[in-house]
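According to our numbering, the sequence shown is numbered sequentially starting from 406.
Scroll down for the structure; my scribbles are underneath it.
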Amino acid sequence: MTYQDINVKPIETESSFRMKAYKALKAAIMEMDIYSHSEEIRLEERQLSEKLGVSRTPIREAMTLLEQEGFVRSVPRRGIFVVRKTRQEILEMITVWAALEAMAARLACEVASEGDIRKLRENVQAFANRDPEEFVSEYSEANLAFHKQIIRMSGCSLIAETTESLFPHMRGVRKLTIGQDHRAQRSILDHTRIVEAIEKRDADLAERLVREHTLGLARHVEEHGEFLN
């Protein structure tokens, strides 16, 4: 029996730590309420190192990746901050999201399973006999889940990847505005119509309803988006 030498490279533990730190930090940023207050969100390297149980090197490397993706920004002599967008930037993001989710709804009409559509219907039915304005926080999470579900139902990974970088900002703005100007009640009506269109596999109608629904958020931000100034 002979043994052949295999040319393998040592496992790069620092690289592994970097990716673990990157995934953990990205997940945390995705769940932040970036626009619930006017203060900037500063990320403290030492604190993150202690919480994640890794040295500062993988934290710095993870931050570099997150900055390249637009989630954080580095300010010389001040530190690293979670990116906040201006009102104009948010309006542009909402416009892009409207186009992408509208296309996702069209694709969902063609490829979504009956089970996925049923889950979308259940999301809406959970508030059918309740006033969403009395459960704003709970409905806000359901609202976000509804829109993410449509993206998933499209079966298009590129739409999912593209909307991922927009999601922290869309999440923050949606959570902050859903309780304003009876938007929660109107949201349920819009969602009901969207589900009905997808159930009928009416791609043209589903696409239009989703686009109009999201552009309604843009109009609200344009009129009441002082919190973004």
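The beta carbon of each residue, even a glycine, is placed where N, CA and C say it ideally should be.
- Taking a contact to require three or more Cβ pairs closer than 8 Å, the stretch 581 to 595 and the stretch 509 to 521 do not qualify as touching.
- In chain order, 608 place their CB closer than 7 Å to the CB of residue 515, counting only its own chain and leaving out the 5 sequence neighbours on each side.
- Between residue 425 and residue 459, the gap from beta carbon to beta carbon is short of 9 Å.
- For residue 448, the beta-bridge partners assigned by DSSP are 485.
- For the pair of segments examined, the stretch 448 to 458 was found to touch the stretch 471 to 490: the number of CB pairs separated by less than 8 Å reaches three.
- Residue 503 sits away from residue 611, with the two beta carbons spaced by 9 Å or more.
- Residue 478 carries a strand assignment under DSSP once its states are collapsed to helix, strand and coil.
- Classified as buried, residue 548 has 16 or more neighbouring CB atoms from the shown chains inside 10 Å of its CB.
- Secondary structure at residue 595: helix, using DSSP grouped into helix, strand and coil.
- A contact is defined here as three or more CB-CB pairs under 8 Å, and the stretch 531 to 547 fails this definition with respect to the stretch 427 to 447.
- Distances from the alpha-carbon of residue 467 to those of 475, 527 and 430 put 430 closest.
- Of the other Cβ atoms in all chains shown, 16 or more fall within 10 Å of the Cβ of residue 559; this residue is therefore buried.
- Per the Cβ contact rule, the stretch 569 to 581 is in contact with the stretch 495 to 502 (3 or more Cβ pairs under 8 Å).
- Contact between residue 581 and residue 632 is confirmed by a C-beta separation of about 7 Å, below the 8 Å threshold.
- With contacts defined as CB atoms closer than 9 Å, residue 625 and residue 586 qualify as a contacting pair.
- DSSP, read as helix, strand or coil, puts residue 440 in coil.
- The DSSP assignment places no complete beta strand (DSSP E) segment of no fewer than 3 residues inside the stretch 585 to 629.
- Cβ atoms of residue 505 and residue 567 come within 8 Å of each other, at about 6 Å.
- For residue 561, the secondary structure class from DSSP, reduced to helix, strand or coil, is coil.
- Assignment of residue 548 by DSSP, reduced to helix, strand and coil, places it in the helix class.
- Shown here for residue 474: same chain residues with a beta carbon closer than 7 Å to its own, the five before and five after excluded, namely 570 in chain order.
- Boundaries of the alpha helix (DSSP H) around residue 521: 519 to 530.
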